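Protein chains in written order, with this note's numbering: chain A, 1 to 160; chain B, 1001 to 1279.
Only one structure is covered here, and it is reproduced in the block below.
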Amino acid sequence: MRDVLHGGLTLAAAFVVHAVLGRFLATTLFGVDSFLIAVLLFAIVKGDLAGAVMGAAAGLFADAFSIGVFGISGAAYIGVGFLSGWISRRINVLGFLRSFVFLTGLSILAFAGRLTLNAVVIGEPIPWQRGLLLLRPVATALAGAAAFALFRRFRRTRVR
Amino acid sequence: MPLARPERRKLLVVGGLLIAQFLIISLQVPLGEAPSVFERVVFFVLAPVEGLFNGTYGLAKGVWNRYLYLRDVESQNHDLRQEAFRLRQENLILGRGLARLQDREAAAGILSTVHASFVLASAIGVDAVNGRRSIVIDRGTADGLRPYLPVVDAEGRLVGRTVKPLTARESTVELMTNEGFSVGVVSAKSGVDGVLSGDEKTGLCRLKFIPSSNESLEEGEELLTSGFDKIFPAGIPAGTITAIRNEPLLFKTIEVRPYLTIRSLKTLAVLTARAGEKP
């Protein structure tokens, strides 16, 4: 029950970040996928299964705010959510640099998964946007690593 | 080696989730652009929250600008900008309308609809998956918006069109750079008409269905909406031709740089009445 509540709160936080960033980023090209960050961090903290479930939920929310095919983000996020939880139990991803590298790899995987599904389902070409597409997973991972560092600091303070 | 029970359970749950997502995709694909019920419900519930953030931001900004920083000057400036925008739009519509008019009676008909023919809006959200596809604006059905209305920027240049889902206070706008976007256009100089589509691959647009035998189009030519699609009124500037390639195909490959820029999304106008139609 507590995990469900935490999941709901994480999803709500992701939505708030999406809404706040949208207010500013609507006039810029820089994009951070807050829903993907929520999935990856939740999976690191709660484990692989929780990550997969969070991936399904966050994917549906992300697709509701996009005019693409509904369900594609969910399918991609389930995979990376599960992997994020599974791998993070086997290697150390706690430091800022380590978590950044880890999140970059999984963000690239998530974006690649979504683009592949888009190409398979509706034959949509990859929107390279003159290379700016490659910036999005890195920006997402950077924001995710910063959020994770903040979360760890907050938890340490609470434990004390 | 057989998997332990917890591992098997995990894989079953993940497999089940994936199958559920694929079922959702299978149900959605035949619907095409139409949003699913869940999508509509989520948008209906959460889009106002985006509006709330926008409102809170606007409130804080208003307090700062009106009472702390250059009191009164900012609001006057804002009003003047709005007025200038309205006048520019009015001028643009009148100029184009008059150029096509045959007699004074028809001019009077257009003049009477000019003032109520558009709604000013601002972008409050960007597409969660790809920023080139769509945005969310702070005007909805309560402001007279409905699906498939043309959206232009402060200079009266094409941005996109409203699409479902819409709520009372928010609407989704499909940008002209979206892959599925299409609009009838005509070149201002040579008068050649074709269909302009979005190209997410490059972030630009493509002019389609121009036969390879056509030699009258040139690079740098401006494209205006033709009005043939019955969605966009004629005469809205859409972009300029940047490259024309002759390939051994039936049609030319023509690259178009749209006037739409991310900066131009700050102030938008939704045209609520089509040419000759009452708002």
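Idealized CB from N, CA, C, for every residue including glycine.
In this text the structure is predicted, and so the values were computed from the model without any measurement.
query	result
Supposed contact pair residue 1132 of chain B and residue 1178 of chain B - C-beta distance, whole angstroms, cut 8 Å	7 Å
Environment of residue 1170 of chain B [buried if 16+ CB atoms lie within 10 Å]	buried
Neighbour-count burial assignment, residue 1115 of chain B, 16 or more Cβ in a 10 Å radius	Bear in mind that a pLDDT of 42 at residue 1115 of chain B, under 50, signals an unreliable position, so the number given afterwards is only what the model happens to contain. The residue is exposed, with fewer than 16 neighbouring Cβ atoms inside 10 Å.
Burial state of residue 1216 of chain B (16 or more Cβ within 10 Å)	exposed
Cutoff 9 Å: residue 135 of chain A Cβ touching any chain B Cβ	no
Residue 1079 of chain B versus residue 1067 of chain B - alpha carbon distance	17 Å
Members of the stretch 1-22 of chain A near chain E, C-beta cut-off 9 Å	In the structure shown, chain E cannot be found, because the protein chains are A and B.
Given residue 142 of chain A as reference, the closest of A:62, A:8, A:105 and A:122 once Cα atoms are compared	A:105
As assigned by DSSP and simplified to three states, the class of residue 1229 of chain B	coil
Cβ separation of residue 1194 of chain B and residue 1183 of chain B, assumed to be a contact under 8 Å, to the nearest whole Å	Their Cβ separation, rounded to whole angstroms, is 10 Å, which puts residue 1194 of chain B and residue 1183 of chain B out of contact at 8 Å.
Supposed contact pair residue 1165 of chain B and residue 1231 of chain B - C-beta distance, whole angstroms, cut 8 Å	The Cβ separation is near 18 Å, so there is no contact.
Distance between residue 58 of chain A and residue 1146 of chain B (C-alpha atoms, nearest Å)	28 Å
Outcome for residue 97 of chain A when other beta-carbon atoms lying within 10 angstroms are tallied against a minimum of 16	exposed
Which of helix, strand or coil DSSP assigns to residue 1023 of chain B	helix
Rounded separation between residue 1052 of chain B and residue 1213 of chain B - CA only	54 Å
Residue 7 of chain A and residue 53 of chain A closer than 9 Å at C-beta	yes
Closer than 9 Å to chain A by CB, residue 1254 of chain B	no
Secondary structure of residue 99 of chain A, DSSP reduced to three states	helix
Other residues of its chain near residue 21 of chain A: CB distance less than 8 Å, five sequence neighbours each side excluded	32 and 34
Runs of beta strand (DSSP E) wholly within the stretch 1154-1220 of chain B (minimum 3 residues, chain order)	1158-1166, 1171-1175, 1182-1187, 1193-1199 and 1204-1208
Of the listed residues A:49, A:39 and A:64, nearest to residue 1024 of chain B (C-alpha basis)	A:64
Test item: CB-CB of residue 1223 of chain B and residue 1152 of chain B under 9 Å	no
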